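Protein chains in written order, with our numbering: chain A, 4 to 327; chain B, -10 to 274.
Ideal Cβ positions, reconstructed from N, Cα and C, are used throughout, including at glycine.
All of these numbers come straight from a predicted model, not from anything done at the bench.
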């Protein structure tokens, strides 16, 4: 890919320190269904090329948030700007810049994979631009999502994981600048999941696509996202990179090692010193050494637990203070 | 490249693909195309050349006219409702919504698909009927042209009603099953199965409000001998009224359907499709 047609690639912008444009801006987003308030003032911003994971327990409002941003649901109040437009009034040109990965089920069962992707790609052709050619070439896209050998199969003959890849291909066929993924890897086996993660990285790096995904899988959020948002009780209770979030919960790391045929575990806030002491004491006898810092799961559990004990606001304030 | 024109073209090719695919599905092939023609052609052959009282019309020919009218009613009302209801539930419509000008393409595709299907379905009655049923034939070029415009207006009048039903049914599968009752009731009072003069006066008036009576009249005008007109309500074929009433239904139906469909489409989202899917799983389909 030639780089001089893409003046603001993510790497360059980061290297030069130039401010990146915000493609997504949400302020005080609220949503009520009848008397139930699902979102109680969500704020979030996403910059170009950023990968953001939205985490949270069931019913926290992840899907509602994403559907409002996609323009599929009307919000109760708040300011929302997606690629410079209010999603409730987004026109067709705006639509062509957004990618939505929908969960297929039994739609288009009789269609063949290549035929279907080609068909949906056609709608994007009028919105092509020299710096962003739309749609993707169907064969190249099938290669990217690993469906080349299934190109001429009917959708109903595909496995669950293969169908999911068709969903992803349909979501990105128009080369979106912003891609929404609602639980993209639900039902994937480990290999499919790994391949999917590689694909997300490629989209963000090579195509400068901003990605907002929801997931239940903390490990996945940690691997994929530049920034993680935890949504609980209708507000964002944590916002930061996996490292930033982890550093907030507990300062203690866990050191495990084997010496003299026995396994040892020790919690410490100074793992480096502990390892040095171990080496001084046991020398080459220390094997299977591992240092584990607090995982994102610990952060997540702590946050959600605090929220459930009714302490969400103070917990959130504490986290935000910690990060900044 | 104009984005709307492009979407209409994509819609046309989608309609063609779906029309083509409708022949690869055994169930659709049987219930959508073959069942009704088979039933009515066999019935008409058995009833054969018996003459209707006081006319030159064979019982076979009236059976065929009845079959063709019923088939149009089922295609326009039930097939359209079912297709729309199903595609709303399975997420096809949501995909269209997530695509630039996707709803336009979808609308064009559905129109083409249903129209193509109906043409084939009517031909499947017309051709074997003409070959096998005693006394059944198009009444010359005039009859053929009459049948053509009656058919087109009938589909235009009925499809919006079908679309509204499909958009409002909460469960497309059982809902369409329940539709059989009102649709057959309407066909029953509309003089399709037997002359409407057998009905009490108020039923006759009621039937004339709905499009099915007028479709039946138009179909009989194009397929039955001239003296059969004596059995009709006014003793004439009333073709201008047929055209007028069907056009009115088409115009009003189209306006209302557009509003209902927009409303329905606005409400579609991933979680609604997901919820529909979970409901469907519980029904064990």
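Nearest Cα to residue 212 of chain A within the set A:75, A:300 and A:86: A:86.
Of all C-beta pairs linking the segment 113 to 122 of chain B to the segment 20 to 36 of chain B, three or more are shorter than 8 Å, placing the two stretches in contact.
No residue range can be given for residue 273 of chain A, since it is assigned to no alpha helix (DSSP H) and is classified by DSSP as neither H nor E.
With contacts defined by Cβ atoms closer than 7 Å, residue 59 of chain A and residue 182 of chain A do not form a contacting pair.
Taking a C-beta distance under 7 Å as the contact criterion, residue 249 of chain A and residue 302 of chain A qualify as a contact pair.
Among the CB atoms of chain B, one or more fall inside 7 Å of the CB of residue 108 of chain A.
In this model, residue 125 of chain B and residue 221 of chain B are separated by some 19 Å (Cα to Cα).
Using beta-carbon distances, residue 99 of chain A counts as an interface residue toward chain B, with a partner under 7 Å. The three-state secondary structure of residue 99 of chain A, taken from DSSP, is helix. Looking at the DSSP output, residue 34 of chain A shares a beta bridge with A:42. Chain-order list of chain A residues neighbouring residue 94 of chain B: 126, by C-beta distance under 7 Å. According to DSSP, residue 214 of chain A shares a beta bridge with A:54 and A:182. Around the Cβ of residue 16 of chain B, a 10 Å sphere holds fewer than 16 other Cβ atoms; the residue is exposed. For residue 238 of chain B, the enclosing alpha helix (DSSP H) has its first and last residue at 228 to 256. With at least 16 other beta carbons inside 10 angstroms of its own, residue 91 of chain B counts as buried. For residue 122 of chain A, the chain B residues whose Cβ falls inside 8 Å of its Cβ are -1, 2, 3 and 6, in order along the chain. Taking CB atoms only, residue 91 of chain B has a neighbour in chain A less than 7 Å away. Taking CB atoms only, residue 105 of chain B has no neighbour in chain A less than 7 Å away.
Within the segment 259 to 273 of chain A, contact with chain B at the beta-carbon level (separation under 9 Å) is assigned to no residue.
Taking C-alpha positions only, residue 36 of chain B is separated from residue 45 of chain B by approximately 15 Å. Between the segment 202 to 212 of chain A and the segment 90 to 97 of chain A there are fewer than three C-beta pairs closer than 8 Å, too few to call the two in contact.
In the DSSP annotation of this structure, residue 142 of chain A is not part of any beta strand (DSSP E); the continuous alpha helix (DSSP H) holding it starts and ends at 141 to 148.
The Cβ atoms of residue 294 of chain A and residue 256 of chain A lie closer than 7 Å to each other. Residue 304 of chain A counts as exposed, since fewer than 16 other C-beta atoms from the protein chains shown sit within 10 angstroms of its C-beta. DSSP places residue 102 of chain B in the helix class (H, G or I) of the three-state scheme.
Where residue 292 of chain A is concerned, the enclosing beta strand (DSSP E) starts and stops at 290 to 295. Taking a cut-off of 8 Å for Cβ pairs, the segment 143 to 154 of chain B and the segment 189 to 206 of chain B touch, as three or more such pairs fall below it.
For residue 87 of chain B, the secondary structure class from DSSP, reduced to helix, strand or coil, is coil.
Just so you know, the alpha carbons of residue 196 of chain B and residue 135 of chain B end up roughly 22 Å apart. Residue 57 of chain A sits close to residue 234 of chain A, with the two beta carbons spaced by under 7 Å. In this structure residue 268 of chain B is exposed. Its beta-carbon is surrounded by fewer than 16 other beta-carbon atoms within 10 angstroms. Residues of the segment 132 to 151 of chain A with a C-beta atom less than 8 Å from some C-beta of chain B do not occur. DSSP, read as helix, strand or coil, puts residue 243 of chain A in strand. By the Cβ-count criterion, residue 139 of chain A is buried, with 16 or more other Cβ atoms from all chains shown falling within 10 Å of its own Cβ. Under the three-state reduction of DSSP output, residue 112 of chain A falls in the coil class, being neither helix nor strand. Selection A:225, A:173, A:222 and A:209 evaluated against residue 135 of chain A yields A:209 as nearest (Cα-Cα).
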